[in-house]
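Residue numbers (full-length UniProt numbering): 1 to 173.
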């Protein structure tokens, strides 16, 4: 039966059996990782009740899911790993030059996650902007602005997105 389906796909859609297998394995990998992610999130939501821990675990699980998915899909679709190293080396050198600012922002995210100069919920001042940190992502963090044209430390209602690279070039308070 499976052979008949494979032959039908090959004759009508011109997709070779090797590509069909790769598509099938990719879909299985996506399904398995989605199930693992779902059960991991269920575990986190049952175990942790405060929003901060849930938020941190949810983001960690999401990031791990995407990294594993990319690695598994690359492993399925790339046949020759030996020439891949040379290719990736040349591509990464070109990308490092072309994408310098995003790489600095990603390094800033790593710095924020590891050294923790601030966390979600902290009140900070950076680059003449002050506010409460409400989100930290790969390339930027978000603050809910306070003060500025409003008296005292009241929220102005403005949401400010600040590139993570600013943690290296601007002082924080």
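Even for Gly, the Cβ is constructed at its ideal location relative to N, Cα and C.
Expressed to the nearest angstrom, what Euclidean distance is found between the alpha-carbon atoms of residue 140 and residue 75?
Numbered from 1 along the chain shown, position 140 holds the residue referred to as residue 140. Numbered from 1 along the chain shown, position 75 holds the residue referred to as residue 75. Taking the straight line from one Cα to the other gives about 30 Å.
Reduced DSSP category for residue 120 - H, G, I as helix; E, B as strand; rest coil:
If you number the chain shown from 1, residue 120 lands on position 120. It is coil, neither helix nor strand.
Only counting the same chain, and skipping five residues up and downstream in sequence, which positions put a Cβ closer than 8 Å to that of residue 167?
Position 167 of the chain shown, counting from 1, holds the residue named residue 167. So the list reads 108, 111, 112, 117 and 126, once near-sequence residues are dropped.
Are three or more beta carbon pairs between the stretch 52 to 62 and the stretch 13 to 22 nearer than 8 Å?
no
In the stretch 7 to 58, which residue ranges form an unbroken alpha helix (DSSP H) of at least 4 residues, counting only runs that do not cross its ends?
The stretch 7 to 58 contains, as complete alpha helix (DSSP H) runs of 4+ residues, the segments 17 to 47 (chain order).
Count the other CB atoms within 10 Å of the CB of residue 174; is the residue buried (16 or more) or exposed (fewer)?
Within the shown structure, residues of the chain are numbered from 1 to 173, placing residue 174 beyond reach of any answer.
Span of the alpha helix (DSSP H) holding residue 137?
As a working mapping, residue 137 is identified with position 137 in the chain shown. Looking at the DSSP string, residue 137 is not in any alpha helix (DSSP H), and its letter there is neither H nor E.
Just curious, the alpha helix (DSSP H) that residue 155 is in, first and last residue?
Stepping through the chain shown from its first residue, residue 155 is reached at position 155. Taken as a continuous stretch (DSSP letters only), residue 155 belongs to no alpha helix (DSSP H), being part of the beta strand (DSSP E) at 155 to 163.
Find the nearest neighbour of residue 36 within the set 68, 85 and 158, judged by alpha-carbon distance.
By one-based count along the chain shown, residue 36 stands at place 36. The residue from 68, 85 and 158 with its alpha-carbon nearest to that of residue 36 is 68.
CB-CB under 8 Å to residue 77, same chain, minus the five flanking residues each way: which ones, in chain order?
As a position in the chain shown, residue 77 is number 77, starting the count at 1. Excluding sequence positions up to five before and after residue 77, its CB lies within less than 8 Å of the CB of 22 and 26, all in the same chain and listed in chain order.
Using the rule of at least 16 other Cβ atoms within 10 Å of the residue's Cβ for burial, across every protein chain shown, is residue 165 buried or exposed?
On the chain shown, position 165 is the one that residue 165 refers to. Residue 165 should be labelled buried.
How would you call residue 28, buried or exposed, if buried means at least 16 neighbouring beta carbons within 10 angstroms?
Numbered from 1 along the chain shown, position 28 holds the residue referred to as residue 28. Flag for residue 28 reads exposed.
Answer yes or no: do residue 144 and residue 159 have a C-beta to C-beta separation smaller than 8 Å?
Residue numbering aside, residue 144 sits at position 144 when the chain shown is read from its first letter. Residue numbering aside, residue 159 sits at position 159 when the chain shown is read from its first letter. Cβ distance < 8 Å, so residue 144 and residue 159 count as in contact.
As a quick exercise: from 153, 73, 106 and 43, pick the residue whose alpha carbon is nearest that of residue 162.
Sequence index remark: in the chain shown, residue 162 carries index 162 (1-based). Nearest option by C-alpha distance: 106.
Compute the beta-carbon to beta-carbon distance between residue 146 and residue 157, rounded to the nearest angstrom, for a pair I have assumed lies under 8 Å.
As a working note, residue 146 is residue 146 in the chain shown. As a working note, residue 157 is residue 157 in the chain shown. Contact flag wrong, Cβ pair sits at about 10 Å.
For residue 101, count the other beta carbons within 10 Å of its own beta carbon; 16 or more makes it buried, fewer makes it exposed. Which is it?
By 1-based counting over the chain shown, the position of residue 101 is 101. Result: exposed.
Same chain, Cβ closer than 7 Å to residue 45, five either side skipped, listed in chain order:
Looking up residue 45 in the chain shown gives position 45. If we look at residue 45 and ignore the five residues flanking it on each side, its Cβ neighbours are 54.
Between residue 98 and residue 135, what straight-line distance do the alpha-carbon atoms span, to the nearest angstrom?
Taking the chain shown and counting its residues from 1, the one referred to as residue 98 is at position 98. Taking the chain shown and counting its residues from 1, the one referred to as residue 135 is at position 135. Their Cα atoms are separated by approximately 27 Å.
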